[in-house]
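In my numbering, the protein residues as written are 1248 to 1439.
C-beta: ideal position from N, C-alpha, C; glycine also.
A quick note: this is a predicted structure, and the numbers were derived from the prediction, not measured.
Quick notes on the structure that follows.
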């Protein structure tokens, strides 16, 4: 391994460490607890080293969002792969989405609530974000209905899932009806 290759590997390792540490800290204590000073202390590097990877917290949030989008895409595809038939696939997709949001609240916030400096629904959208949407579209496109653009239907269904995830987490919806809400969403929106 050349010196340059070793430096690149070490740099990539440090970047992964920064993102993992930020994510862990945010999941435990919230994004307000994630500061460059605290991250530098936790990863045992100086703040200038941290800044050589990310210009600040906003870029770190963006990196966590990109990582989360990749994980979400994998989870969504895995949930629908085992399901038999359109209704089962859409139900599995909805459950997997809501489960991801519940299990990873700080990551979910990085993806959809906080400013990570990422472009959405544009040419410049990072590939992992496009892929997460594609994972939704792959399943939902088949149940959009005649004359309904699959991408538009996916946006509406996604918005409903996001609303359920956000309102449930904020304690605005009674927790006992979560499964019925998912079934209602699937039954009323999807053409099965």
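When you compare only the Cα positions, how much space is there between residue i and residue j?
i	j	result
residue 1362	residue 1287	21 Å
residue 1429	residue 1251	51 Å
residue 1414	residue 1425	11 Å
residue 1302	residue 1308	11 Å
residue 1351	residue 1248	37 Å
residue 1381	residue 1335	18 Å
residue 1409	residue 1318	17 Å
residue 1296	residue 1398	41 Å
residue 1402	residue 1329	24 Å
residue 1289	residue 1267	11 Å
residue 1305	residue 1368	19 Å
Which residue comes first and which comes last in the alpha helix (DSSP H) that contains residue i?
i	result
residue 1328	1304-1328
residue 1405	1397-1416
residue 1299	1294-1300
residue 1446	Residue 1446 is absent from the structure shown; the chain starts at 1248 and stops at 1439.
residue 1333	1333-1350
residue 1283	1283-1290
How would you call residue i, buried or exposed, if buried means at least 16 neighbouring beta carbons within 10 angstroms?
i	result
residue 1293	exposed
residue 1438	exposed
residue 1404	buried
residue 1400	buried
residue 1310	buried
In its own chain, which residues sit with a C-beta less than 6 Å from the C-beta of residue i, not counting the 5 before and 5 after it?
i	result
residue 1376	1316
residue 1338	1433
Excluding the 5 residues preceding and the 5 following residue i in the sequence, name in chain order all residues of the same chain whose CB lies nearer than 7 Å to its CB.
i	result
residue 1389	1333
residue 1312	1357, 1358, 1363, 1365
Skipping 5 residues on each side, what residues in its chain have a beta carbon closer than 8 Å to that of residue i?
i	result
residue 1343	1322, 1323, 1325, 1326, 1327
residue 1285	1272
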